[in-house]
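Per the working numbering, the very first residue in the sequence shown carries number 9; after that it's consecutive.
Where is the CB? At the ideal position from N, CA and C, for every residue including glycine.
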Amino acid sequence: MQVAEGEEFEVMEWTGQVYADTPTVSAEAYVDAPPECLWGYVSDIHLMPRLSAELKHVEWLDGATGPRPGNRFLGRSTHPALGNWETVSTVVDCEEPRSFAWAVGDPAHPMSLWRFTLRPRGAGTLLEQWAQLGPDRSGLSVAIEAMPDKEQKIVFVRMREFETGIRSNLAAVKELAEREK
């Protein structure tokens, strides 16, 4: 979904997907700043909790101090329906200033994948954030097992939450980068 300056984001429509489908969601926004200006924001894991309604704390693990493929970080999150939890994420792609991605859980079989992609557009950047749910079990799996007849709705609601978070992240990064420019 692409949004030009001044346009509203479209809202995700019903997909009927189940967890095993590894559903994805993405949004993009034009930012009036070059990719090099945005890179510090999208690759800064410590900025994430300031932008997220769920993620409350992050810290690099194993002596890592910044984003590089293979570096891991701890995340602590909270959700009104899912409770509190911790995850370990691994940076799976880090190509400055083009892409930054991390896998939550086992990188070969993650609970979720998250990615920022930065593409130069004129004097600015087309910034995209993308997320995939699954394929590995997550806290959502417990809810699905408790109410298997509602799996499609549970997945849809969670993907809408991902979408809301992505839209919020894009707007915040846009504001920060354009203010700095």
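Are the beta-carbon atoms belonging to residue i and residue j less than 7 Å from one another?
{"i": "proline 77", "j": "valine 96", "result": "no"}
{"i": "threonine 32", "j": "glutamine 137", "result": "no"}
{"i": "aspartate 144", "j": "methionine 119", "result": "yes"}
{"i": "valine 181", "j": "tyrosine 38", "result": "no"}
{"i": "threonine 30", "j": "glycine 142", "result": "yes"}
{"i": "leucine 90", "j": "arginine 80", "result": "no"}
{"i": "arginine 175", "j": "alanine 41", "result": "no"}
{"i": "proline 57", "j": "lysine 64", "result": "yes"}
For the beta strand (DSSP E) that contains residue i, what are its first and last residues?
{"i": "threonine 98", "result": "91 to 103"}
{"i": "histidine 65", "result": "63 to 68"}
For residue i, which of helix, strand or coil comes out of DSSP?
{"i": "glutamate 13", "result": "Low local confidence applies: a pLDDT of 47 at glutamate 13 is under 50, so the model's placement there is unreliable, and no value is given."}
{"i": "arginine 106", "result": "coil"}
{"i": "tryptophan 47", "result": "helix"}
{"i": "arginine 76", "result": "coil"}
{"i": "proline 143", "result": "coil"}
{"i": "valine 26", "result": "coil"}
{"i": "proline 37", "result": "This sequence places alanine at residue 37; proline is not what is there. Strand, per DSSP."}
{"i": "proline 128", "result": "strand"}
Under DSSP, the alpha helix (DSSP H) around residue i begins and ends at which residues?
{"i": "arginine 166", "result": "159 to 188"}
{"i": "glycine 147", "result": "147 to 154"}
{"i": "leucine 59", "result": "56 to 59"}
Using CA atoms only, rank isn't needed, just tell me which of the options is closest to residue i.
{"i": "glutamate 94", "options": "Tyr49, Glu67, Arg129, Ala41", "result": "Glu67"}
Any heavy atom of the ligand SAH closer than 6 Å to the beta-carbon of residue i?
{"i": "arginine 168", "result": "Questions concerning the ligand SAH fall outside what the structure shown contains, since it holds no ligand whatsoever."}
- Item | Contact the segment 152 to 163 vs the segment 118 to 131: 3+ CB pairs below 8 Å | no
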